[in-house]
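The structure under discussion appears below in the form of structure tokens.
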Amino acid sequence: MYAAYEQVESSELAAPSAWWKSWRFALVAVILTVAAIAYVAWFRELDDRQQRALAWVTLVAAVTNVACATVGCFLLLRRMSLMGDALAHSVLPGLVVAFIFAGSLNIGFMFVGALAAGLATAFLADTLNRRGGVPADASLGVVFVSLFALGVVLIKRYTGGAIHLDFDCVFAGELDLVGISSNKNMSVGPFELPRTLVSVGPVLILNIAVITLLWKEFKVSSFDPALATAMGFRAGRLHYLLMALVALTTVASFEAVGSILVVAMLIVPAATAHLLTDRLSKMLWVSAGVGLLTAVAGCALARLIEVNTAGTIAVTGGALYGVAVLLSPRYGVVSTLLRNARISARIVREDMLAMLYRLEELATDRQLGERQVVQAVGGGLLANWGLWSLLRRGDVQRTDRGLSLTASGKQQASQLVRSHRLWEAYLVEHLGLPLDHVHEPAERIEHFIDERLREQIVADLPAADVDPHGRGIPDAPGESRS
Amino acid sequence: MDLLALPPNLRVLLGTSLLGCVAGVIGSLAVLRRRSLTGDMVAHAAMPGLCLAYLVAYELGIGRDRPAYFLLLMSGAALTGLIGSALVTFLTRWTRTRQDAAIGIVLSTFFGAFVVLLSYIRYLPGAHVAGVDQYIFGQAATLLTADVWFIAGVLLVSIVTLAICFKELKTYSFDADFAHSLGWPTLSIDLGMMAALCLVTVVGLPLVGILMAGMIIIPCAAARFWTYRFGPLLVISGAIGAATGVFATLVSAEYFVRWFGFDPLAFGYNRKALPTGPVIILSGAAIFLASVLFAPRRGVLARLIALLRLRSRTATENLLRALYELGESQLPRLAPHQLEEIQQHRRWNRGQLTWALRRATWAGWIERNADAIQLTASGHQRAAEVTRIHRLWELFLISGARIAPDHVDRDADSIEHVLTPNIVGQLEAMLAESGRLPRTAATPPQSPHVLTGGNDPVGTLSPGGG
Numbered sequence: 001m002y003a004a005y006e007q008v009e010s011s012e013l014a015a016p017s018a019w020w021k022s023w024r025f026a027l028v029a030v031i032l033t034v035a036a037i038a039y040v041a042w043f044r045e046l047d048d049r050q051q052r053a054l055a056w057v058t059l060v061a062a063v064t065n066v067a068c069a070t071v072g073c074f075l076l077l078r079r080m081s082l083m084g085d086a087l088a089h090s091v092l093p094g095l096v097v098a099f100i101f102a103g104s105l106n107i108g109f110m111f112v113g114a115l116a117a118g119l120a121t122a123f124l125a126d127t128l129n130r131r132g133g134v135p136a137d138a139s140l141g142v143v144f145v146s147l148f149a150l151g152v153v154l155i156k157r158y159t160g161g162a163i164h165l166d167f168d169c170v171f172a173g174e175l176d177l178v179g180i181s182s183n184k185n186m187s188v189g190p191f192e193l194p195r196t197l198v199s200v201g202p203v204l205i206l207n208i209a210v211i212t213l214l215w216k217e218f219k220v221s222s223f224d225p226a227l228a229t230a231m232g233f234r235a236g237r238l239h240y241l242l243m244a245l246v247a248l249t250t251v252a253s254f255e256a257v258g259s260i261l262v263v264a265m266l267i268v269p270a271a272t273a274h275l276l277t278d279r280l281s282k283m284l285w286v287s288a289g290v291g292l293l294t295a296v297a298g299c300a301l302a303r304l305i306e307v308n309t310a311g312t313i314a315v316t317g318g319a320l321y322g323v324a325v326l327l328s329p330r331y332g333v334v335s336t337l338l339r340n341a342r343i344s345a346r347i348v349r350e351d352m353l354a355m356l357y358r359l360e361e362l363a364t365d366r367q368l369g370e371r372q373v374v375q376a377v378g379g380g381l382l383a384n385w386g387l388w389s390l391l392r393r394g395d396v397q398r399t400d401r402g403l404s405l406t407a408s409g410k411q412q413a414s415q416l417v418r419s420h421r422l423w424e425a426y427l428v429e430h431l432g433l434p435l436d437h438v439h440e441p442a443e444r445i446e447h448f449i450d451e452r453l454r455e456q457i458v459a460d461l462p463a464a465d466v467d468p469h470g471r472g473i474p475d476a477p478g479e480s481r482s
Numbered sequence: 001m002d003l004l005a006l007p008p009n010l011r012v013l014l015g016t017s018l019l020g021c022v023a024g025v026i027g028s029l030a031v032l033r034r035r036s037l038t039g040d041m042v043a044h045a046a047m048p049g050l051c052l053a054y055l056v057a058y059e060l061g062i063g064r065d066r067p068a069y070f071l072l073l074m075s076g077a078a079l080t081g082l083i084g085s086a087l088v089t090f091l092t093r094w095t096r097t098r099q100d101a102a103i104g105i106v107l108s109t110f111f112g113a114f115v116v117l118l119s120y121i122r123y124l125p126g127a128h129v130a131g132v133d134q135y136i137f138g139q140a141a142t143l144l145t146a147d148v149w150f151i152a153g154v155l156l157v158s159i160v161t162l163a164i165c166f167k168e169l170k171t172y173s174f175d176a177d178f179a180h181s182l183g184w185p186t187l188s189i190d191l192g193m194m195a196a197l198c199l200v201t202v203v204g205l206p207l208v209g210i211l212m213a214g215m216i217i218i219p220c221a222a223a224r225f226w227t228y229r230f231g232p233l234l235v236i237s238g239a240i241g242a243a244t245g246v247f248a249t250l251v252s253a254e255y256f257v258r259w260f261g262f263d264p265l266a267f268g269y270n271r272k273a274l275p276t277g278p279v280i281i282l283s284g285a286a287i288f289l290a291s292v293l294f295a296p297r298r299g300v301l302a303r304l305i306a307l308l309r310l311r312s313r314t315a316t317e318n319l320l321r322a323l324y325e326l327g328e329s330q331l332p333r334l335a336p337h338q339l340e341e342i343q344q345h346r347r348w349n350r351g352q353l354t355w356a357l358r359r360a361t362w363a364g365w366i367e368r369n370a371d372a373i374q375l376t377a378s379g380h381q382r383a384a385e386v387t388r389i390h391r392l393w394e395l396f397l398i399s400g401a402r403i404a405p406d407h408v409d410r411d412a413d414s415i416e417h418v419l420t421p422n423i424v425g426q427l428e429a430m431l432a433e434s435g436r437l438p439r440t441a442a443t444p445p446q447s448p449h450v451l452t453g454g455n456d457p458v459g460t461l462s463p464g465g466g
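For the protein sequence lines, the chains are V and P, in the order given.
Residue numbers for the first sequence follow this note's numbering, so the first one is 1 and each next one is one higher.
Residue numbers for the second sequence follow this note's numbering, so the first one is 1 and each next one is one higher.
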């Protein structure tokens, strides 16, 4: 029974099987193409220096975003988004201590310091929670806020005057300087690359490699840690591995986008993808794609209105997420509202049909006027619209004394009433409900009983011609009672 | 207002400690409802509001010296903070996004907007970013007397509200479903709490900045180590918050230097530039750490002491029982036993045995003569009690839980140290009913199984003994 309900439901809400043929996809493709053409046209207007700078910035932002978006998926699915937030804050003291030791922003020291700080955060929060009885979120909050404060004080105390590490860097990142200021560059072999790219690039490769190699393990432990442990995957170790990846990604992105905006890059594309798909593999691709799109669009926008690039990327990501919240085919707010409205409209139409059918069944000459019919199903806009569409479809016709069913309307209504009465009979027969308790549930479920389920119910009943109240059950289509 | 004007130092001291107190009290409610990180979100989400309000002030030409300026900035912050919390609620209820992700998304997107607006303001002619970016980490020097009174007012209102709705809030904090089933307007309570949280966060921005989350979480997290009860938790949390403020002010003010002769934060860099927020949070963290370490019962130190005490008692009681069992066949004469004999009687942790010997000697339970160890009269009595409990439990396991006699020794060995007199009394009653209770309380019953030496405490295979 429930399976049948599901079937009806899913036939109404299912995404089309070939998603690339859907109008939504076509729309998105058109919008993206137009945007791409506009982008290229705009890009070619810029002078040579600006083009080079924008290209570098976009490259760095894209690599950063994709690196964050991939690990972000697992954070999101494990409900550890705030762990990403916490790690992003708490790698700061690790970075500063590394800075103090190395005397400069040495990438190696930075990675070690941040990794230590990140793992310490995860471990301390876990210990406080388990051993100290501090609630999980509070223990996380205590640890990362304190470590962040420590980082800020250390910056002020020890690195005052140093150019590389200041508040702007912590908050806003130095993405704007990429490709403009040559002292942000670093020579790798024959190439002169921005420092930020040198730190983020390898992390992107590492993330992809780890996720590919441990795909199965991550998949199982993300959805069912207990099962993963039972299968011998050591969910605990995977947890700390993920923490390490997040800490590494965070610190690699630190120089480009600062310490807080990286949260946007970790969580927002993943959350957007989570709204658009149900499959993990697809979610990762979508997340990476959204990350890429966010980076390109964010960099262009920041360039256009001449504001901070990292912040613009974060806002762009939020805006794309907002679009997904509203328009996602399956989980979007608008789609959900439309779907609910469509079901409500169908229920109202069917109620009206069934009412007219019952009236005609009584074989009186009485017919209801339009207003009466509309009032009977609750009135309002929905009912008026339902009646209008019934008239338009030719299920109901106007006569001089009111409304009556046409042949097609009668056919539909009879099947609906058949569902209703079969269900009542079923409830009385198999669940032993008293007669005055069966109408309500039948009234609700009649809209979701299809032909197959009706046949099943008939097979389960000793006699399927009279309902418990003594009224006749209409025949199935094509079947005539002699 | 002039009458109420406060000297700057007192102003800062009062401001921070009152803020700490009110944040501690309201934060406790949030922490208990698992809403800790909502405070973090509000603090970040309030920042773009500051910028927008600043832009409005810039357009209207309201200078920093006008009281309207401060009010405008605060209402801007409160507005976006509230929008942020509304968005989190909306996303959690209406979409597939869960609360943690929703908090992260709103926090980071709003903060991104703040960074964008800040960089926009930076290039406005005649605008001063300092007007906004002092709020990132707070600057207590900007605190006005009016702000102190305002914070005091918030504190007063929240304490009165708490006192009136104490029972309701208590129920709601621990079992929201139950409160809902009682027909209470849980949604309104929830919204009220969120609004209070927003208010406190925004009020704290000038002092602590985006680290306000710490002010909300830390006092309650620390207070939980001191009490299990709701009322005391609120009081302690408020006190810890206030103490944090006082501590931070002392640390960052000249008082510390004057009283202790050195400045803990002066590492040779210009100390005036140090924002107050991190200092306050680190003071809170220090108090939190002290609570974790030194709180009675739940603190690390208290637990360590309790653990060591239990270990020491266990070892001593094991020693006494070993001596009793070794000398049982020669009773009532108390004979000395060699250390080696004791070592072979059961498995020992060497350090624990040494400690147990020392402790038993201090207590006057044994007399040591080189390696010969003998129970004293009082020691014998104590040993008999311990052995009695051990064997009572064994008998109970055999008759009550139907465990084979050769399997009961180890179970009893681990539990005999923690059986309360109450349980021993019940055991006696049960065994008396089945007629297996030994007659005199001082004498242990006979061991239900064979006693042997060696490393195996469960002596089953070797004959004789007992």
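No residue lacks a Cβ here, since even glycine has one placed at the ideal position from N, Cα and C.
For the stretch 85 to 112 of chain V, residues whose beta-carbon sits nearer than 8 Å to a beta-carbon of chain P comprise D85. Within chain V, the residues F171, A172, L261, N308, A310, G311 have their CB atoms less than 7 Å from the CB of V115(P), given in chain order. The DSSP-derived three-state label of Q372(V) is helix. Ranked by Cα distance from T171(P), the first of D190(P), I62(P), R359(P), T376(P) is D190(P). Measuring C-alpha to C-alpha distances from R382(P) to each of W365(P), A286(P), E394(P) identifies W365(P) as the nearest. Contact between A302(V) and L353(V) fails: their C-beta atoms lie close to 57 Å from each other, not under 8 Å. Cβ neighbours of S259(V) within its own chain (closer than 6 Å, five residues either side excluded): A88, L92, V170.
For A372(P), the enclosing beta strand (DSSP E) has its first and last residue at 372 to 375. One Cα belongs to L187(P), the other to F174(P), and the distance between them is close to 15 Å.
Taken residue by residue, none of the stretch 391 to 402 of chain V has a beta-carbon sitting less than 8 Å from a beta-carbon on chain P.
The C-alpha of L234(P) is placed about 25 Å away from the C-alpha of G183(P).
In this structure, the straight-line span from the alpha carbon of G351(P) to that of H337(P) is close to 19 Å.
In this structure, T244(P) lies away from G299(P), with their beta-carbon atoms at least 8 Å apart. The beta carbons of A125(V) and V143(V) sit about 5 Å from each other, so the pair counts as a contact at 8 Å.
Between the stretch 232 to 249 of chain V and the stretch 134 to 154 of chain V, the count of C-beta pairs closer than 8 Å stays below three; the two stretches do not touch.
Nearest C-alpha to A101(P) among L204(V), A264(V), V153(V), M243(V): A264(V). Within chain P, the residues D100, A101, G104 have their CB atoms less than 7 Å from the CB of S81(V), given in chain order. Contact annotation for D137(V) against chain P: R34, S36, L37 [CB-CB distance below 7 Å, chain order].
Judged by DSSP secondary structure, S447(P) falls outside any beta strand (DSSP E); it is assigned neither H nor E.
Here DSSP, grouped into helix, strand and coil, assigns R398(V) to strand. Residue pairing for S404(V): DSSP places it in a beta bridge opposite Q397(V).
Comparing alpha carbon positions, the residue from D460(V), R471(V), L391(V), E455(V) closest to L362(V) is R471(V).
Distance check between G209(P) and each of A315(P), T16(P), S291(P), D409(P) places T16(P) closest, using alpha-carbon atoms only. Closest in alpha carbon position to A43(P), among F137(P), L60(P), G327(P), is F137(P). Taking C-beta separations shorter than 6 Å and ignoring five residues to either side along the sequence, the partners of V97(V) in its chain run G113, following chain order. The C-alpha of H430(V) is placed about 9 Å away from the C-alpha of D460(V). Boundaries of the alpha helix (DSSP H) around E361(V): 333 to 361. For the C-beta of L107(P), the chain V residues within less than 7 Å are, from N- to C-terminus, D85, V263.
In the structure shown, the three-state DSSP call for E306(V) is coil.
The stretch 64 to 78 of chain V makes contact with the stretch 270 to 277 of chain V, as at least three CB pairs between them are under 8 Å.
In the three-state DSSP reduction, I366(P) falls in the strand class (E or B). By the neighbour-count criterion, in which a residue is buried when 16 or more other Cβ atoms sit within 10 angstroms of its Cβ, F223(V) is exposed. Ranked by Cα distance from A295(P), the first of T161(P), I240(P), R98(P), E325(P) is I240(P). Counting only Cβ-Cβ distances below 8 Å, I267(V) has contacts in chain P at A101, G104, I105, S108, in chain order. Residue burial is scored here from C-beta neighbours: Q372(V) has fewer than 16 other C-beta atoms within 10 angstroms and is therefore classed as exposed.
The C-beta of Y228(P) has fewer than 16 other C-beta atoms within 10 Å across all chains shown, which makes the residue exposed.
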